[in-house]
Amino acid sequence: MAGIYIHIPFCKQKCHYCNFYTVISQKYRNDFVHILLKELEQRRDYLGEQTVNTIYFGGGTPSLLADNEIVRIIDSIKTLFPVNEKAEITLEANPDDLNKEKLTSLKENTPVNRLSIGVQSFHNEDLVYLNRAHNASQALKAIENSLSAGFDNITVDLIYGIPTLTEKNWRKNLELFFDFGIPHLSSYALTVENKTVLHSLIAKKKMTPVDDKQAVKHFELLLEETEKHGYIHYEISNFAREGYYSKHNSIYWLGGHYLGVGPSAHSFNGISRQWNVANMKQYMEFEQTGTTVLEKEVLSKDQRYNEYVMTSLRTSWGCDTEHLENVFGNLYTNHFLKHIIPFVEDGKVQQKGNVYTLTNAGKLYADGIAAALFMI
Ligand code: SF4
Numbered sequence: 202m203a204g205i206y207i208h209i210p211f212c213k214q215k216c217h218y219c220n221f222y223t224v225i226s227q228k229y230r231n232d233f234v235h236i237l238l239k240e241l242e243q244r245r246d247y248l249g250e251q252t253v254n255t256i257y258f259g260g261g262t263p264s265l266l267a268d269n270e271i272v273r274i275i276d277s278i279k280t281l282f283p284v285n286e287k288a289e290i291t292l293e294a295n296p297d298d299l300n301k302e303k304l305t306s307l308k309e310n311t312p313v314n315r316l317s318i319g320v321q322s323f324h325n326e327d328l329v330y331l332n333r334a335h336n337a338s339q340a341l342k343a344i345e346n347s348l349s350a351g352f353d354n355i356t357v358d359l360i361y362g363i364p365t366l367t368e369k370n371w372r373k374n375l376e377l378f379f380d381f382g383i384p385h386l387s388s389y390a391l392t393v394e395n396k397t398v399l400h401s402l403i404a405k406k407k408m409t410p411v412d413d414k415q416a417v418k419h420f421e422l423l424l425e426e427t428e429k430h431g432y433i434h435y436e437i438s439n440f441a442r443e444g445y446y447s448k449h450n451s452i453y454w455l456g457g458h459y460l461g462v463g464p465s466a467h468s469f470n471g472i473s474r475q476w477n478v479a480n481m482k483q484y485m486e487f488e489q490t491g492t493t494v495l496e497k498e499v500l501s502k503d504q505r506y507n508e509y510v511m512t513s514l515r516t517s518w519g520c521d522t523e524h525l526e527n528v529f530g531n532l533y534t535n536h537f538l539k540h541i542i543p544f545v546e547d548g549k550v551q552q553k554g555n556v557y558t559l560t561n562a563g564k565l566y567a568d569g570i571a572a573a574l575f576m577i
């Protein structure tokens with residue numbers, strides 16, 4: 202179970218809340234794919250003999266790539282790595298790029314078989330607050346066009362907790378999503394990260410701050426409505442119909458191995474984690490230096506345990522004490538069992554055999570519960 206992540210850093214404009222590594226400048230646009238292919242070649246041994254089951258174009262805005270660039274990247278991966286012929290190949294796409302021609306061509310000329318559409322909201326006031334490049338009617342049109350081009354494996358991103366998003370409009374966003382019959386939803390609370398434009402605008406009192414209580418109400422409605430419509434809440438921010446779980450993201454959540462290429466992309470091989478420089482100029486110097494500028498961290502046993510507890514508790518597969526015992530040993534299992542008790546007693550965590558999962562009440566406190574279980 203291995204995946205490849207490709208970071209396409211280009212965006213048309215910077216969304217106020219975004220803390221991903223992105224560039225608006227087109228300075229390196231023409232040579233970027235060429236360097237990306239060189240990096241793939243250099244890292245061809247990173248995943249060993251493992252079959253690549255997923256390829257994920259993330260960003261940034263991968264829908265800014267031309268179809269022939271997408272094909273060149275996928276062909277190169279297929280030449281360099283053993284790729285499952287039924288691999289899930291996802292392209293993150295922004296609604297303003299998804300016109301009929303683009304989608305028909307994507308479907309006919311590339312092996313992309315899954316679209317992740319960054320809708321965020323079907324209401325203009327929210328999109329303006331977030332500084333998205335698209336408007337509400339483009340969001341609707343993008344989904345219609347994707348369906349009529351023949352894409353059936355689609356996921357949509359929706360953000361809740363936006364100060365402009367009323368409860369009524371949040372319900373409407375969810376209704377529109379359900380009406381399209383899309384099989385997968387990723388839904389995140391708006392978070393105000395340091396060093397983002399939103400952080401600075403709120404600090405200067407130029408934007409309304411985020412209200413945690415409103416976000417909690419939206420999250421509760423999200424849980425209620427997705428359950429009512431038959432979606433499985435398989436990860437804290439992800440909901441899917443049976444058979445439509447994100448295979449790529451499941452690799453992250455289940456501790457699988459992945460190679461990330463492109464500026465700022467992360468890789469993990471079970472023991473160490475490494476990440477490329479988040480700087481276009483330095484990344485593009487690959488041509489001269491013949492290597493990627495990256496940082497590497499070998500994870501300690503405590504860190505690996507903490508990661509397992511944090512990611513597993515966020516999923517419907519839960520945290521398995523048999524796995525803890527086999528991989529980390531008695532000391533870690535006992536630590537977990539001792540510190541999980543209060544959360545089971547107050548109904549935030551449920552236990553079935555060896556497996557502990559969050560209840561709906563616990564999902565609101567996922568980060569805090571994980572932190573209480575960490576080995577420090
Ligand atoms: S489109 Fe996505 S990656 Fe680009 S700035 Fe907006 S949130 Fe960030």
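Numbered by my numbering, the letters in the sequence shown go through residues 202 to 577 in order. For each residue, glycine too, the CB sits at the ideal point set by N, CA and C. Since the model is a prediction, treat every value here as computed from it, not as a measurement.
The shortest C-alpha to C-alpha distance from Gly554 to any of Gly519, His235, Phe529, Glu345 is the one to Gly519. Here Ile542 is not near Leu574, since their CB atoms are 8 angstroms or more apart.
At a Cβ-Cβ threshold of 8 angstroms, Leu386 and Glu426 do not count as neighbours. Nearest in C-alpha terms to Glu345, of all of Leu316, Glu326, Tyr330, is Leu316. Each of Ile274, Val417, Phe352, Met408 was checked against the Cα of Lys308, and the nearest Cα belongs to Phe352. Excluding residues up to 5 positions away in sequence, Gly461, Trp476 lie with their Cβ nearer than 6 angstroms to the Cβ of His467 in the same chain.
Rounded to the nearest angstrom, the gap between the Cα atoms of Pro464 and Asp547 is 44 angstroms. At a cut-off of 7 angstroms, the beta-carbon of Thr223 counts as near the ligand SF4: some heavy atom of the ligand is closer than that. Residue range 301-310 is occupied by the alpha helix (DSSP H) that includes Glu309.
Relative to the Cα of Arg505, the nearest Cα in the group Ile433, Ser473, Tyr432 belongs to Ser473. Leu532 has its alpha-carbon roughly 11 angstroms from the corresponding atom of Asp503. In this structure, the ligand SF4 has no non-hydrogen atom nearer than 7 angstroms to the beta-carbon of Thr392. Under the DSSP definition of a beta bridge, Ser388 partners with Leu359. Here the alpha carbon of Asn285 sits roughly 6 angstroms from the alpha carbon of Val253. His524: not part of any beta strand (DSSP E); member of the alpha helix (DSSP H) spanning 522-529, first to last residue.
Under the three-state reduction of DSSP, Trp476 is assigned to strand.
As for any beta strand (DSSP E) of minimum length 3 sitting wholly inside the region 203-263, the runs are 203-209, 253-260, ordered along the chain. Exclusion of the five residues before and after Leu525 leaves Tyr533, Thr534, Phe537 as the residues of its chain whose Cβ lies within less than 7 angstroms of its Cβ.
Membership of Tyr459 in any alpha helix (DSSP H) is not indicated; the residue belongs instead to the beta strand (DSSP E) covering 458-462. Residue pairing by DSSP places Ala573 in no beta bridge whatsoever. The beta carbons of Ala343 and Ile363 sit no closer together than 8 angstroms. For Phe469, the pairing in a beta bridge is given by DSSP as Tyr459, Arg474. Proximity of the beta carbon of Thr493 to the ligand SF4 is not indicated: no heavy atom of the ligand is located closer than 7 angstroms. Asn285 carries a strand assignment under DSSP once its states are collapsed to helix, strand and coil.
Here Leu248 is buried: its Cβ has 16 or more other Cβ atoms, across all protein chains shown, within 10 Å. Between the region 284-298 and the region 256-271 there are three or more C-beta pairs closer than 8 angstroms, enough to call the two in contact. Between the region 221-239 and the region 480-497, the count of Cβ pairs shorter than 8 angstroms is three or higher; the stretches touch. Under DSSP, Arg315 forms a beta bridge with Thr291.
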